[in-house]
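Novice:
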Amino acid sequence: MSGTQRRTALVTGGGSGIGRAIALRLAADGFATAVLDLDKDAAESVAGEARGSGHEAMAVAGVDVSDRVQVNAAFEVVRSAFGPVVTLVNNAGKSGFKEFLKITDASWDQIMAVNLSGPFYCCQAAIPDMIEAGWGRIVNISSSSAHSGQQYMTHYVSSKAGLIGLTKSLALEFGPKGITVNTVPPGFVDTPMLRGSEQRGLLGSSVEDIAAVTPVRRAGRPEDIAAACSFLVSEEAGYITGQIIGVNGGRNT
Ligand code: NAP
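Sequence positions in the sequence shown follow this note's numbering and run 1122 to 1374.
1) Check the DSSP bridge columns for Q1179 and list the partner residues they point to.
2) Decide if R1128 is buried, meaning its Cβ has at least 16 other Cβ atoms within 10 Å, or exposed.
3) Out of I1259, I1366, E1165, V1156, which has the shortest C-alpha to C-alpha gap to D1345?
4) Should N1373 be listed as close to the ligand NAP, given that the test is whether its C-beta is under 8 Å from any heavy atom?
5) Which partner residues does T1288 have in the DSSP bridge list?
6) Where A1213 and V1235 are concerned, what is the direct C-alpha to C-alpha distance, given to the nearest angstrom?
7) DSSP three-state label for N1211, please.
8) If you drop the 5 nearest sequence neighbours on each side, which residues of the same chain put their C-beta closer than 7 Å to that of L1324?
9) The ligand NAP and I1366: does any heavy atom of the ligand fall closer than 8 Å to the residue's C-beta?
10) Measuring CB to CB, does S1341 end up less than 9 Å from F1295?
11) Where DSSP assigns a beta bridge to P1297, which residues make up the other side?
12) Given this structure, state the Cα-to-Cα distance separating G1370 from P1336, to the nearest angstrom.
13) Can you grab the Cα-Cα spacing for the pair F1203 / A1282, in whole Å?
14) Enumerate in chain order the residues of its own chain whose CB-to-CB distance from G1359 is below 6 Å, with the five nearest sequence positions on each side excluded.
15) How would you label G1322, buried or exposed, when you count the other beta carbons within 10 angstroms and need 16 or more for buried?
16) Hey, would you say the C-beta of G1317 is under 8 Å away from at least one heavy atom of the ligand NAP?
17) Less than 8 Å between the CB atoms is what I'm expecting for M1351 and R1146, so what's the real figure, rounded?
18) What's the C-alpha gap between R1338 and A1194?
19) Can you give the Cα-Cα distance for I1361 and I1259, rounded to whole angstroms?
20) Can you grab the Cα-Cα spacing for the pair L1284 / G1173, in whole Å?
21) If you check the beta carbons only, do L1159 and A1180 fall under 9 Å apart?
22) In whole angstroms, what separates the C-alpha of Q1245 from that of S1187?
23) Does the beta carbon of L1159 fall short of 8 Å from some heavy atom of the ligand NAP?
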């Protein structure tokens, strides 16, 4: 695929936080960008914001990544409007905080469904387009907690560790087809998810106090993750695949 052809990107969980920043960045980079989110208003607002800045974007709103039927239908809508989906960022995620012995089957299954089955469904929907194009880019947003482990988040951390395994295996299988697959594990990024954890007392301290002892002396910004994604989906990142690119202010080295 030549650089002059239009490329379509789909960002899951694009309505909020990190996904919003990634969607706006990819749209600004020139991708026709589909903003997929469970939250209908949020997806439409982000797509509208990108269009307001003169970029090409659409919302695929009210779609649950943990439902394969909804995922396949959403990809079909995007394909019809923007063409083959050759760039995919699996960002939608669900957090959880519970003592291990109190995690229910339902909670375990729900977190796995969103954080691991969702990317599985989205990758299966997108990769045929990428094979056809002979070019593709996938970035999976995992978590620094999968480097370090995190008490009371065993279900969440296990799902994100699985996402790292998905990344590495897909990189090996589809490298010969021109498709790269990498993962960005964010750490301590100031988003509604992080502030929600702070408000529920789950961080053990305030965001500001933790930022003060972070090596770069600040919390991450969604734009920090978006910048890494922008590079990983670019033409010049074609020799980078199967990698874990930590963006965490030095909190995990
Ligand atoms: P966020 O602000 O909560 O945004 C997540 C977005 O994903 C929300 O718009 C949410 O919609 C959407 N979403 C949730 N479940 C979905 C589903 N089943 N189908 C479609 N969309 C769904 O979170 P964030 O902090 O930006 O996190 C983005 C990603 O980074 C997540 O995968 C998270 O695990 C990862 N991460 C974040 C941090 C951090 O420090 N913030 C650290 C490590 C990893 P609703 O609002 O409707 O639920």
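Cβ atoms here follow ideal geometry from the backbone N, Cα and C, with glycine treated the same way.
Here the structure is a predicted model, which is why all the values come from computation and not from measurement.
Specialist: The short version:
1) Here the sequence assigns Met to residue 1179, which means Gln is not the residue at that position. In DSSP, M1179 forms a bridge with A1155.
2) buried
3) I1366
4) no
5) According to DSSP, which records beta bridges pairwise, T1288 is partnered with nothing at all.
6) 7 Å
7) strand
8) S1318, I1331
9) no
10) As written in the sequence, residue 1341 is Gly, which differs from the Ser given in the question. No; because the gap between Cβ atoms is not below 9 Å, this pair is not in contact.
11) P1297 is not bridged to any residue.
12) 6 Å
13) 32 Å
14) none
15) exposed
16) yes
17) This sequence places Ser at residue 1351; Met is not what is there. With 8 Å as the limit, S1351 and R1146 qualify as a contact, their Cβ atoms being about 5 Å apart.
18) 43 Å
19) 11 Å
20) 34 Å
21) no
22) 13 Å
23) yes
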